[in-house]
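So the structure is just underneath, and the comments pick up after that.
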Amino acid sequence: MSSQTKLLLEALRGKKTHRPPIWLMRQAGRYLPEYREVRQQAGTFLDLCYSPDLATEVTLQPIRRFGFDASILFSDILVIPDALGQKVEFKENIGPVLSPIIRSAADLDRLRPDEAIDRLGPVFQTVRNLSSSLPKDVTLIGFAGAPWTVATYMVGGEGSRDQADTRLWAYAEPAAFEQLIETLVDTTAAYLVAQVDAGAEVLQLFDTWAGSLPEREFERWCIAPVAQIVKQ
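Per my numbering, residue 85 is the first one in the sequence shown, and the count goes up by one each step.
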């Protein structure tokens, strides 16, 4: 293989590679001293996600240090609810806190899906920066949160071990919850397409809390929405 062969792309295409491609899901982050320096400059965590120059820098840091075969865009799954108009804060020793929480059709009416992709413009600029800056043999991975997992934060207001508030609302008001999932499907699909247009070569959907659902609800709220995103 040539020095510019992208091992991850070759492996994903089912081709034999001389070794497995290597990358880590959280390869950019606070274990790196150079990341901590940039993080202090940025302000809030979301400020870092929305600063193309800084987000590009922290995405490149582990590539420079370790020479991984793939680079995953530095961002967060909660840029989607932020772009939809829900307030997202990352609080020390707590984690993400979203407000106001979504618990009714009236709450859904406050979301602004028509504005979301424009508000995510800085993320796409980061992807463009990375596409032109990464070594030729490194694959660029874009990503988003899957609808169920993102919905659990929007409904629950913060992380939860059992997602009880979200599951309760989904059971009590399935039509309203379906509307939220549909909004997330359409917004997430458009977000991922825009990442590809900007230069992402591989896409990943994170469904962190999929395991909290029983089989029937897993099919309805996890598998079906992801299938819709893939179709779009």
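Ideal Cβ positions, reconstructed from N, Cα and C, are used throughout, including at glycine.
Given a threshold of 16 other Cβ atoms within 10 Å of its Cβ, counted over all protein chains shown, does residue i qualify as buried or as exposed?
i    : result
S86  : Reliability fails at S86, whose pLDDT of 48 lies under 50, so the model's placement of it is uncertain and no value is given.
N213 : buried
V314 : exposed
S215 : exposed
K100 : exposed
Q88  : exposed
V163 : buried
L91  : buried
L252 : exposed
Hey, quick one: how far does the alpha helix (DSSP H) through residue i stretch, first residue to last?
i    : result
P309 : A308 to K315
L252 : A248 to A256
A190 : A189 to D193
P197 : P197 to R203
L91  : L91 to L96
Residue i by DSSP, collapsed to three states: which one?
i    : result
P180 : strand
I242 : The question names Ile, but residue 242 in the sequence shown is Glu. Three-state result, E242: strand.
I225 : strand
M85  : Because the pLDDT at M85 is just 45, under 50, the model does not fix this residue reliably, and the point stays unresolved.
Quick check on this structure: which residue in the options has the alpha carbon closest to the alpha carbon of residue i?
i    : options                   : result
R110 : Q209, L144 and P180       : L144
E141 : I307, R251 and R120       : R120
D166 : C133, A259 and L289       : C133
G151 : E176, L168, H102 and T223 : T223
V239 : L138, I178 and K171       : K171
I185 : L91, A235 and Q279        : A235
S28  : L162, D249, A260 and K220 : Beyond the ends of the chain as shown, which are 85 and 316, falls residue 28; an answer cannot be given.
S183 : A112, K220 and L168       : L168
F227 : R251, A273, E199 and E303 : A273
E118 : W253, A139 and A254       : A139
Q247 : W232, V207, L195 and P258 : W232
S155 : F302, A200, G283 and K175 : G283
Looking at residue i and the ligand GTP, is the gap between the Cβ and the nearest heavy atom below 7 Å?
i    : result
D246 : Of the ligands one can find in the structure shown there are none, so the ligand GTP has no counterpart to examine.
> Can you list the alpha helix (DSSP H) stretches of 4 or more residues lying completely in the segment 125-171, in chain order?
Replying inline: Whole alpha helix (DSSP H) segments, 4+ residues: 129-133, 136-150 and 163-168.
>> List, from N- to C-terminal side, the alpha helix (DSSP H) runs of 4 residues or more that fit wholly inside the segment 277-308.
In response: Qualifying alpha helix (DSSP H) stretches, in chain order: 299-302.
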